[in-house]
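Numbering (my numbering), first residue to last: 12 to 156.
Shown next, in structure tokens, is the structure this report addresses.
In structure tokens form, the structure reads like this:
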């Protein structure tokens, strides 16, 4: 039971960190009800003109992210947030980039359950990418300065 509680706590902490990031950057973030298969939250600008669905994967200090047995969100309309709780970092990627990754164990051998290593994630996911590619805020917006 303790392992399950730790997993749930990591998920909640990852969601909170992403919500904090969005708010800090002048965006609105809303969590979905649990068991939404393709994403965990919706983000939008304050005018309601730009939207993103976001799937969140968090780890405490491991070198892998478990993405599940199947990837529901292959679309570039769904963004993935890979959250490392030990250093509060978030790496962003599009759904198609995640779906196209080979899944393997930390030692590089194939794996049935789908895990991505940190090395794989850093090869295609970047910090602040969602802000640069999706949410283009006005240069007059001082919240980003």
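Glycine included, each C-beta is placed from N, C-alpha and C at the ideal position.
In this structure, the beta-carbon distance from residue 69 to residue 50 does not fall below 8 Å. As computed with DSSP, residue 100 is found in a beta bridge with 95. In the DSSP assignment, residue 62 falls outside any alpha helix (DSSP H) and within the unbroken beta strand (DSSP E) covering 62-70. In the structure shown, residue 27 falls within a helical segment according to DSSP collapsed to helix, strand and coil.
When the alpha-carbon of residue 45 is set against those of 36, 66, 54 and 129, the nearest one is in 66. Here the C-alpha atom of residue 60 lies approximately 32 Å from the C-alpha atom of residue 77.
When 72, 97, 109 and 138 are compared, the shortest CA-CA separation from residue 88 is found for 109. Under the DSSP definition of a beta bridge, residue 19 lacks any partner. Between the alpha carbons of residue 102 and residue 113 lies a gap of roughly 18 Å. In the DSSP assignment, residue 135 falls within the unbroken alpha helix (DSSP H) covering 129-135. Annotated three-state conformation of residue 59 is coil, per DSSP.
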